[in-house]
Amino acid sequence: MDKTTEASTQSQSTRTRSGGTFHYLQVIIGVALVIATLFTAWTSAGLLPSRLAELQVATPQGTIAQPIKPTATIRPHPLIGIVAGHWSKDPKFNDPGAVCPNGKTEVEINQEIATKVQEILKTQGYDVNLLEEWDPRLTGYRALALVSIHADSCEYINDQATGFKVAASLSNPHPELSNRLVACIQNRYAQETGLKQHQGSVTGDMTFYHAFSEIHNDTPAAIIETGFLNLDYQVLTQKQDSVAGGIANGILCFIRNEDVSPQITATP
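Everything in the sequence shown is counted per our numbering, starting at 468 for the first residue and increasing by one.
Below, the structure is given as structure tokens:
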């Protein structure tokens, strides 16, 4: 073999080895890619390295799942509580309140008015809980305000037994707020219904109303006796839109810090 032929043979052998090596590398890389793809497809997403540190914690006892923490939900609308006096879905607490000669009960009127108050406040953009007299939600209840709706006796007492009365808790730690809530309800209720205050008959059952001691201290609260179910019966049964409007506007007056003048003159 001459030198030219030998050089040609060596060059061809070198190219063959180079091409073979490159081919083998391509095959190895291809196989590696296939294996990686299959591993990714068959492995739970929770076990991939990018998720492993997030979902698992190593402990001496082994690896446990990290609990998922719920995201706090912000209430979209401010909350107001309305208690329908004497109302309860539980027969154990069945109490009609005052019962009129025609069979109409106080609890029926309270619930009708409270439902209308709820509807009015909802149209103003508030969330409104319609609460039972002994509602378990009253314990620690927090809201912009809470108002309990009641009515006075069906019996004739005298010609002065007419009108409404509003009271707040005597032991409230924020008396200035509850007193302003009372003033707002007194003012707006008188304007809407034409009824006058009957302040002289505010009782301990009102100022020491049970819900006052159950709700959260930060919740301003009041109780209203909307009228007497004798002389004010027509207003409480036939003009409930005005009655409910007066209560709702009183609550809005308090929340919006509206003016409460002129002051209402109480009946003797």
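Note that the Cβ used here is the ideal one computed from N, Cα and C, for glycine as well. Remember, predicted model here, so these are calculated numbers, not experimental data.
Discussion item. Report the start-end ranges of each beta strand (DSSP E) in the stretch 676-730 that is 3 residues or longer and not cut off at the edges.
Written reply: With a minimum length of 3 residues, the continuous beta strand (DSSP E) runs that stay inside the stretch 676-730 are 688-695.
Item to complete: Under 7 Å Cβ to Cβ from Leu605, same chain only, skipping five residues before and after it: list those, please.
Response: Against the sequence shown, residue 605 aligns to sequence position 138. These residues qualify, in order along the chain: Leu598, Ala678, Glu681, Ile682.
Worksheet item: Candidates Glu659, Thr686, Trp601, Glu622: which alpha carbon is nearest Pro763's?
Response: Outside the displayed span of the chain (468 to 735) sits residue 763, for which this structure offers no information.
Worksheet item: Would you call Phe631 buried or exposed, if buried means 16 or more other Cβ atoms sit within 10 Å of its Cβ?
Response: For the purposes of this step, residue 631 is taken as residue 164 along the sequence shown, with counting starting at 1. By the neighbour-count definition (other C-beta atoms within 10 Å, threshold 16), Phe631 is a buried residue.
Worksheet item: Are three or more beta carbon pairs between the stretch 715-730 and the stretch 646-665 nearer than 8 Å?
Response: Contact between the stretch 715-730 and the stretch 646-665 is present: 3 or more CB-CB pairs across the two stretches fall below 8 Å.
Discussion item. Among Thr674, His665, Tyr623, Val584, whose alpha-carbon lies nearest the alpha-carbon of Leu637?
Written reply: Indexing the sequence shown from 1 puts residue 637 at position 170. For the residues Thr674, His665, Tyr623, Val584, the minimum Cα distance to Leu637 belongs to Thr674.
Discussion item. So, under 8 Å CB-CB, Gly713 and Glu643 are touching, yes? Tell me the CB distance rounded to an integer number of Å.
Written reply: Position 246 of the sequence shown holds residue 713. Position 176 of the sequence shown holds residue 643. The pair is not a contact, with the Cβ atoms about 23 Å apart (cut-off 8 Å).
Worksheet item: Short check: CB of Glu573 to CB of His553, under 8 Å?
Response: Start at 1 with the first residue of the sequence shown, and residue 573 comes out as number 106. Start at 1 with the first residue of the sequence shown, and residue 553 comes out as number 86. Cβ atoms of Glu573 and His553: closer than 8 Å.
Worksheet item: Assuming Ala711 contacts Ala635 under a Cβ cut-off of 8 Å, what Cβ separation, rounded to an integer in Å, is found between them?
Response: To locate residue 711, count along the sequence shown from 1; it is residue 244. To locate residue 635, count along the sequence shown from 1; it is residue 168. So it is not a contact: roughly 20 Å between Cβ atoms.
Worksheet entry | Residue(s) in a DSSP beta bridge with Val633 | Taking the first residue of the sequence shown as position 1, residue 633 is located at position 166. BP columns for Val633 point to Ile691.
Worksheet item: For Ile616, which residues does DSSP report across the bridge?
Response: Counting from one through the sequence shown, the residue named residue 616 turns up at place 149. According to DSSP, Ile616 shares a beta bridge with Ala551, Ile691.
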